[in-house]
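Scroll down for the structure; my scribbles are underneath it.
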Ligand SMILES: NC(=O)c1ccc[n+]([C@@H]2O[C@H](COP(=O)([O-])OP(=O)(O)OC[C@H]3O[C@@H](n4cnc5c(N)ncnc54)[C@H](OP(=O)(O)O)[C@@H]3O)[C@@H](O)[C@H]2O)c1
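Numbering (the working numbering), first residue to last: 85 to 420.
This is the structure we're talking about:
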């Protein structure tokens, strides 16, 4: 059967690669995407994908988006911003999306949550499986909102016939997803006590910016692999439920620094802890700094369930994904 798919947030770092995969997916008949910016799918050479502008805060736009859809996919989100600013789009907007999808009678609802939903708790097991409850971290708006939203979603769909798939990717990267590197560059500049001096030094040959490395590695997943997992969920491959998504392997701050042509300096982890505390206090200056807190606690996921039950077969490991991202960031001038 040919599926009709409706997607919020098709123009983002995950949305565009997903559109690419769905365009080539024989199980999919048509896709309608909705976000706020102007966007023309035909310019990408896509024929199955159509697009309309709309805001997830507008219930009328959502009702029209999901009308006649077999599958609703929710990707629209405000990842960066102040706690209160993001709350409206992320909590009120997502609640609108879930309610509209249930009211439209879709068969399946696919939502991109995040590793952050688990929270950054030292007592969480490593690696995390889907059995661990998503508790969120109160001190980090994105994590708290992701956890709250998973609870909201369960409440909205309970008693309905909708099959719900929640994917929890780790940091998404790849040539079309350079957010990680943009944030590393921004945080390094914001956290720098002597930016003018560093900028001056940075102009000198052989003096490269430095990243503090507390030895906490992270997982990465390639955007095309996330798109493949979402496509499997859209097709209903595997039972409904939560699925962790992470590529094989880990990357450390030293590897991130090397990939972007910077240096890293080994620091003891309490120094990063101190930085994270400072970041929390300074988050009113920049929400980016609140993100630094997330990297002070190791959070690793086991993605075996997606492989076993969704048939997910990621093509890229963390190291390869990092290199592709760094090359793309350099070409885009993000490191100048
Ligand atoms: N990127 C990652 O590393 C990562 C990791 C784990 C989970 N996730 C999750 O995956 C989902 C997609 O992330 P992404 O990386 O693709 O985000 P993104 O690149 O920031 O894209 C966000 C998308 O949402 C749309 N959007 C934002 N506010 C909207 C609104 N009020 N109404 C309608 N559309 C709106 C944006 O388009 P407009 O701005 O034009 O409206 C864009 O299409 C999010 O839930 C995110 O939390 C991402």
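For glycine and all other residues, C-beta sits at the position ideal for the given N, C-alpha and C.
The segment 131-144 makes no contact with the segment 195-202, as fewer than three CB pairs between them are under 8 Å. Pairing residue 311 with residue 102, the inter-Cα distance amounts to about 4 Å. Where residue 382 is concerned, there is no enclosing beta strand (DSSP E), because DSSP gives it neither an H nor an E.
Around residue 132, the same chain offers 106, 107, 112, 113, 114 and 115 as residues with beta carbons nearer than 8 Å, after the five sequence neighbours per side are excluded. Taking a cut-off of 8 Å on C-beta distances, the segment 154-173 does not touch the segment 204-211, as fewer than three cross pairs fall below it. In the DSSP secondary-structure assignment, residue 247 is bridged to 192. Non-local C-beta neighbours of residue 323 in its own chain, meaning closer than 7 Å and more than five positions away in sequence, comprise 393, ordered along the chain.
Following the DSSP letters along the chain, one finds residue 101 inside the alpha helix (DSSP H) bounded by residues 99-107. Restricting attention to 175, 318, 215 and 227, the CA atom closest to the CA of residue 246 is found in 318.
When secondary structure is reduced to three states using DSSP, residue 302 falls in the strand class.
With respect to the 8 Å criterion, residue 90 and residue 150 are classified as neighbours on the basis of their beta carbons. Around residue 382, the same chain offers 300 as residues with beta carbons nearer than 6 Å, after the five sequence neighbours per side are excluded. In this structure, the beta-carbon distance from residue 159 to residue 92 falls below 8 Å. Beta-bridge partners assigned by DSSP to residue 257: 306.
A distance of 8 Å or more separates the beta carbons of residue 389 and residue 232. In the structure shown, residue 262 adopts coil according to DSSP, grouped into three states. CA-CA distance, residue 185 to residue 179, rounds to 10 Å. Between residue 406 and residue 304, the CB-CB gap stays under 8 Å. Taking 7 Å as the cut-off, one finds no heavy atom of ligand 1 near enough to the beta carbon of residue 203.
About 16 Å separates the Cβ atoms of residue 402 and residue 262, ruling out a contact at the 8 Å cut-off. Counting along the chain, the unbroken alpha helix (DSSP H) around residue 403 starts and ends at 402-415. The DSSP-derived three-state label of residue 344 is coil. By the CB criterion at 8 Å, residue 96 and residue 118 fall outside the cutoff. In this structure, DSSP gives residue 121 a state outside helix and strand, which the three-state scheme calls coil. When rounded, the separation of the alpha-carbon atoms in residue 267 and residue 409 is 13 Å. As computed with DSSP, residue 158 is found in a beta bridge with 92 and 195.
Non-local C-beta neighbours of residue 221 in its own chain, meaning closer than 6 Å and more than five positions away in sequence, comprise 203, 204 and 227, ordered along the chain.
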